[in-house]
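In what follows, a structure is listed as structure tokens, so that the remarks can point back to it.
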Amino acid sequence: MMNFRRFTMITVLAAAQVMSTVPVVAESQDWTTTTVSSSNTVPSSLEEDPSSLTGESGLADGVSADMESPASEGFTAVDGAEVVSHDGDLSGGETDEASVSHSDATEQESITSEPSEGEPATESGQTEGTAANSQAVATSSASGLAAASAPNSLVLLMNSDVMYHNGEKFTAGQPMAVKNGVSYVAIRAMVERAGLTLRYDNQTKETIILKNGNELRFTNGSSNYKVNGETRAMRGTAYMSNNVFMVPLTAITQALGIPYSVDQPGKRVILDLARMESGSGQPGGGTANPGTGTPNIPGVGPHDLVLYMNSARMVQNGREYTAGQPMAVTNGVSYVAIRALVDRVGLRLTYDNTTKETIITRGNDVLRFKTNSNVYTVNGQQRTMKGAAYQSNNVFMVPLTSITQALDIPYRVDQPNKRVILNVSTKPIASFTVQPGGIFAGQTRVRYSTSAHSPVGLDIVDERWEGRQDLFHEPGLHTVSYSVQDSSGQWSDPYYVNIEVKAPNTPPVAMFMTDKKEYKIGEKITYINQSYDRDPGDEITYRWENNEPAFFTAGRHTVTLVVTDSHGATSSYQQVIQVSSEVMYTRDEFNHMFTEIGDKFTFNGLEVPSMNLVPITRRSEPALLIRSNSPETVYREGIVYREVGVGNTRFMIHHLNATGKRMKMYVVATNINNTPARITTQYTGMGGPIDIPTATGRASVQRYLESMQSADSFKTISLAPGESRVILDDLSRQSLANGHVVSMFADLYTDSPIRYDVIMIDEAKDPIQKLPHLILQPVDGVHNRGTYADATRIIETYERVGDTPARIAIGDRVNDPNLEGFDGITGVPQSNSGNFGVLYKIKLHRVAPNTLITLNPRGGRYMGAVMVNGNIINVPNSGAVAAPHEATVLYRTGDYERSVEILFTAAPGSSLPVNLLLQPLPESK
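First residue of the sequence shown? That's 1272 in this note's numbering, and the numbers climb one at a time after it.
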């Protein structure tokens, strides 16, 4: 029997692939024309009495995972998997398995190939090749020929619109095609030949396939489809081509359990429609009786492992075995005893006492399971199972598909005989990958990483390569194959990789110019980047040296630009800027005139305290501030703050997790009234969780201000008397790793008194259940927590400002008094140092023309955001602005007097106080 080849792509090319197509509307033109008339209706043996498939030994108790009534639906799945031998597309993915009957087509690639010149197609669609081409072509495929001649076989010719069904020739509306490594077929042609029903839903714009109670729904332009209402992912997106609807072939074969084989030399895909009809591993159904105990089962290969539903019985190689526990269903998921399966499939089973994990090993593949967890790891990567592993009578049970999917073990479901058949091959399996992703002729050293194992545990004793080169000297597509031999002398099927070798990379070219040849001191310089790369699609990065926006000393100044492409090739360019001794602007004048909004500049900050204070009026709006910031560093679970609020309420939350484990923060609202209460969330802003306190603080302020630009954040909930509920979901959406910080602002309104608890607990625990048992945490003695009234402060002036330097002080306690309040847990009086959590609405009704407004920290480093006339400005755009000699530009008025409104709230993690500076700009030159 010939070896069917598997291919994996390095780039987007595949040597050959199988494809499929689908119609958008069932009422549109007939895209399949019949050369020889044939009936479009295929009788099905799946329509059975539902009662025969339920009960003590019924299928509904043993196999179906996701269907409410699989027997009556005519569709069976194991843990939600399709009733087929195939787990994926005919031409995509990577696998360690190679097979002839393609029971796991997920990783099969490039099974299609264009007929080589001088190879005429025979009437049956099989291309006749020459023995000189390859061993595979020289050997005929016995299984492919047998399948093609079997009753009710549908033969699809690769890269062709020709199909053969029971010896009759038909023409599809479009040839089989490959898009992005996925094989597509015209849906109408496929449906009519397979005896399915095709409809179109004008309301949902879905194309529908019906078969024996099963319903498949496809949408043009979508990579998802529905099987009996369950959304599943396809390998590619359905699309239209010349008014023909195309879908991935395996979307249909998987959902309807249509086995297929690939005849590579004949360039054909052969669908066994008879097995679809019967739902068994035998054409036409099968009569094997699992109750007889007869080990010789028709339709089962010599190495297949047969598992009987709701039974501990297993059959392999003509021998019967008994599992520690019967195959069972728990919460709709099919489970098997892990040791029994491992022993029969030829895997290695161990236990890790440190991590409490059960481990399955096959070659380089390692699967790790934990009791009572639905998460397991495959080669270090977490995956989710359909159900949690569990112990039953000291037998470890896991979902069957967690093993078959992770190890690419094909299986099929024999519904009439109530059994699952695993295709366990004895051939060794080889695979390899190459690095790096981009390979260039004569430049890139290729690294090969191999993987090989024996399904029956034999040692790998030899290997062979064809086409391997560590350095490819010619561009183009190079095919490399890898095979291994086990200790019994059996060779694996070759594993093929097509390596696209690109033409040698050319380095980028760095180039720039300036808008002038010579500049004055303090004159703005405009740099025009003219760099480029000759290689299409190559991205380049830029690094400037000494590209100052202006120079403040006369003479020659060298500016350098270095560009680097995505392959590491670089180029540099230098230009000398000539600066005369004539002065246009001083450094301070230039910074005031040209520093970008949100950028910072340095100046003599010692002059700020001597500036006049802007004459202002100050008043407050009612808003209750709940500041939860102590203990800022949390070392154990507990309630970090508790308070009762009514009406307008603002939260400012800022905490660091130092518990040593992953935690979550919650705000729990409890209705303490005898009547229902309503809570409306108005504005929110969340920062973190990350390990940089200043960055989380800035992010929370920025998002808080952004939420004020839209009413989308408004959300109202109702609490019944005595009910507790988690609010402010953004806060608890992500867990906090040890050392991570979270910050949050939120404005709420309630019509009744509500008790709020701000808590930090283990990420796995339920906050509502845990709340009554949590301790009230004490303050840390450094940071502030408290409840403060009148937390919205309005600062206003109607006098003209900006003609002379002036300032507005915020959070300095003297010119801007602290809010006074109390600790909601202890009742101790508190003073809100820095006025964190206070929202300042600053209204400057008359700002002089050509006035610069900046923010200058006076207490330390500051990272935040400010809204100026509706625009949000980062303070600063990058990094932090430092006290006292740096300032960030917020606004310039231009040539006319303006009204300016500023919204400011101090960013958690930063230092207060800050000053807003208003200064006249120098005369423009």
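Glycine residues also receive a C-beta, built at the ideal position from the N, C-alpha and C atoms.
So does the segment 2061-2072 actually touch the segment 1880-1892, counting three or more Cβ pairs closer than 8 Å? yes
When the Cβ atoms of the segment 1436-1445 are set against those of the segment 1530-1541, are three or more pairs found closer than 8 Å? no
Give the straight-line distance between the Cα atoms of arginine 1470 and aspartate 1432, rounded to the nearest whole angstrom. Position 199 of the sequence shown, counted from the start, is the residue given in the question as residue 1470. Position 161 of the sequence shown, counted from the start, is the residue given in the question as residue 1432. Distance between the alpha carbons of arginine 1470 and aspartate 1432 is about 22 Å.
Does the distance from the C-beta atom of serine 2003 to that of lysine 1935 stay below 8 Å? Walking along the sequence shown from the start, residue 2003 turns up at place 732. Walking along the sequence shown from the start, residue 1935 turns up at place 664. Result yes, Cβ atoms of serine 2003 and lysine 1935 sit closer than 8 Å.
Under 7 Å Cβ to Cβ from glycine 1595, same chain only, skipping five residues before and after it: list those, please. Taking the sequence shown and counting its residues from 1, one reaches residue 1595 at position 324. So the list reads Ala1608, Arg1610, Ala1611 and Val1666, once near-sequence residues are dropped.
Kindly identify the DSSP beta-bridge partner or partners of glutamate 1734. The residue you call residue 1734 lines up with position 463 of the sequence shown. Beta-bridge pairing links glutamate 1734 to Val1755.
So, do the segment 1712-1732 and the segment 1771-1780 have three or more beta carbon pairs nearer to each other than 8 Å? A contact exists between the segment 1712-1732 and the segment 1771-1780.
Would you mind working out which of Ile1792, Ile1799, Asn1588 and Ser1981 sits nearest asparagine 1823, comparing C-alpha positions? Taking the first residue of the sequence shown as 1, we reach residue 1823 at position 552. Note that residue 1823 is phenylalanine in the sequence shown, not asparagine. Measuring from the Cα of phenylalanine 1823, the nearest candidate turns out to be Ile1792.
For threonine 1955, the three-state DSSP class (helix, strand or coil): Counting from 1 along the sequence shown, the entry for residue 1955 is found at position 684. Of the three classes helix, strand and coil, the one that applies to threonine 1955 here is strand, per DSSP.
Are the segment 1955-1965 and the segment 2040-2050 touching, with three or more C-beta to C-beta distances below 8 Å? Touching, no, given that fewer than three Cβ pairs across the two stretches are closer than 8 Å.
Backbone CA spacing between leucine 1481 and leucine 1467 [nearest angstrom]: Here the question's residue 1481 lines up with position 210 in the sequence shown. Here the question's residue 1467 lines up with position 196 in the sequence shown. Going by the C-alpha atoms only, they are around 6 Å apart.
In angstroms, rounded to a whole number, what distance separates the CA positions of isoleucine 1811 and serine 1842? In the sequence shown, the residue the question calls residue 1811 occupies position 540. In the sequence shown, the residue the question calls residue 1842 occupies position 571. So the alpha carbons of these two residues sit roughly 10 Å apart.
Compare the C-alpha of alanine 2008 against each of Asp2000, Gly1959 and Ser2023 and name the closest. The count along the sequence shown starts at 1 and reaches residue 2008 at position 737. Alanine 2008 has its Cα closest to that of Gly1959, out of Asp2000, Gly1959 and Ser2023.
On a CA-only basis, which of Ser1758, Arg1633, Ser1752 and Ile1770 is nearest aspartate 1764? Give me that one, please. Working through the sequence shown from its first residue, we reach residue 1764 at position 493. Among Ser1758, Arg1633, Ser1752 and Ile1770, the Cα nearest to that of aspartate 1764 belongs to Ser1752.
Which residue marks the beginning of the beta strand (DSSP E) containing phenylalanine 1865, and which one marks its end? Locating residue 1865 in the sequence shown gives position 594, counting from the first residue. First-last for phenylalanine 1865: 1858-1865, but that is the alpha helix (DSSP H), not the beta strand (DSSP E).
Using three-state DSSP, classify alanine 1407 as helix, strand or coil. Walking along the sequence shown from the start, residue 1407 turns up at place 136. Low local confidence applies: a pLDDT of 33 at alanine 1407 is under 50, so the model's placement there is unreliable, with the coordinate-based value given in what follows. It is helical.
Based on Cα-Cα distance, which residue from Ile1887, Asn1919 and Thr2021 lies nearest to proline 1947? Within the sequence shown, residue 1947 is the residue found at index 676, counting from 1. For the residues Ile1887, Asn1919 and Thr2021, the minimum Cα distance to proline 1947 belongs to Thr2021.
Please look up how many angstroms separate the CB atoms of histidine 1925 and glycine 2180, rounded, as I've assumed it's under 8 Å. Sequence index remark: in the sequence shown, residue 1925 carries index 654 (1-based). Sequence index remark: in the sequence shown, residue 2180 carries index 909 (1-based). Indeed, because the Cβ distance is near 7 Å, the residues count as touching under 8 Å.
Report the three-state DSSP secondary structure of arginine 1974 (helix, strand or coil). Translated into the one-based positions of the sequence shown, residue 1974 becomes position 703. Residue state, collapsed to three classes: helix.
Just the C-alpha distance for histidine 1838 and glutamine 1445, rounded to the nearest angstrom, thanks. Walking along the sequence shown from the start, residue 1838 turns up at place 567. Walking along the sequence shown from the start, residue 1445 turns up at place 174. In a straight line, the C-alpha of histidine 1838 is about 40 Å away from that of glutamine 1445.
Contact the segment 2104-2116 vs the segment 2155-2164: 3+ CB pairs below 8 Å: no
Secondary structure at alanine 1840, three-state DSSP: helix, strand or coil? The residue given as residue 1840 occupies position 569 in the sequence shown. In this structure, alanine 1840 counts as coil in the three-state DSSP scheme.
Once DSSP output is grouped into helix, strand and coil, what is the label at isoleucine 1796? Your numbering for residue 1796 matches position 525 in the sequence shown. The answer is coil: DSSP assigns isoleucine 1796 none of H, G, I, E or B.
In chain order, what residues of the same chain lie with their CB nearer than 7 Å to the CB of asparagine 1650, ignoring the 5 residues before and after it? Mapped onto the sequence shown, residue 1650 falls at position 379. Here the set comprises Asp1636 and Val1637.
Are the Cβ atoms of phenylalanine 2266 and threonine 1655 separated by less than 8 Å? In the structure displayed, the chain extends from 1272 to 2196; residue 2266 sits before or after that span and is not available.
How would you write the range of the alpha helix (DSSP H) that threonine 1675 sits in, first residue to last? On the sequence shown, position 404 is the one that residue 1675 refers to. 1671-1677 is the extent of the alpha helix (DSSP H) around threonine 1675.
Give me whichever residues DSSP pairs with lysine 1497 in a beta bridge. As a first step, residue 1497 must be located in the sequence shown, where it is residue number 226. Beta-bridge partners of lysine 1497 (DSSP): Arg1488 and Thr1502.
Starting from isoleucine 2046, trace the beta strand (DSSP E) in both directions and tell me its first and last residue. The residue given as residue 2046 occupies position 775 in the sequence shown. Taken as a continuous stretch (DSSP letters only), isoleucine 2046 belongs to no beta strand (DSSP E), as it is neither H nor E.
Three or more C-beta pairs closer than 8 Å, one from the segment 2032-2042 and one from the segment 1860-1879: is that the case here? no
For valine 1830, count the other beta carbons within 10 Å of its own beta carbon; 16 or more makes it buried, fewer makes it exposed. Which is it? Mapped onto the sequence shown, residue 1830 falls at position 559. Label assigned to valine 1830: buried.
Could you tell me which residues DSSP puts in a beta bridge with proline 1519? In the sequence shown, the residue the question calls residue 1519 occupies position 248. Beta-bridge pairing links proline 1519 to Tyr1455.
Would you identify the three-state DSSP class for methionine 1461, choosing helix, strand or coil? Counting from one through the sequence shown, the residue named residue 1461 turns up at place 190. Residue state, collapsed to three classes: helix.
Using the C-alpha atoms, what's the distance from glutamate 1771 back to glutamate 1745? Translated into positions along the sequence shown, residue 1745 becomes position 474. Translated into positions along the sequence shown, residue 1771 becomes position 500. Answer to the nearest angstrom: the Cα atoms are 10 Å apart.
Under a three-way DSSP split, which group does isoleucine 1529 fall into? By one-based count along the sequence shown, residue 1529 stands at place 258. Residue state, collapsed to three classes: coil.
Would you check if there are 3 or more beta carbon pairs closer than 8 Å linking the segment 1941-1957 to the segment 2049-2056? no
Could you pull the start and end residues of the beta strand (DSSP E) that aspartate 1472 belongs to? Working through the sequence shown from its first residue, we reach residue 1472 at position 201. Its beta strand (DSSP E) spans residues 1468-1472.
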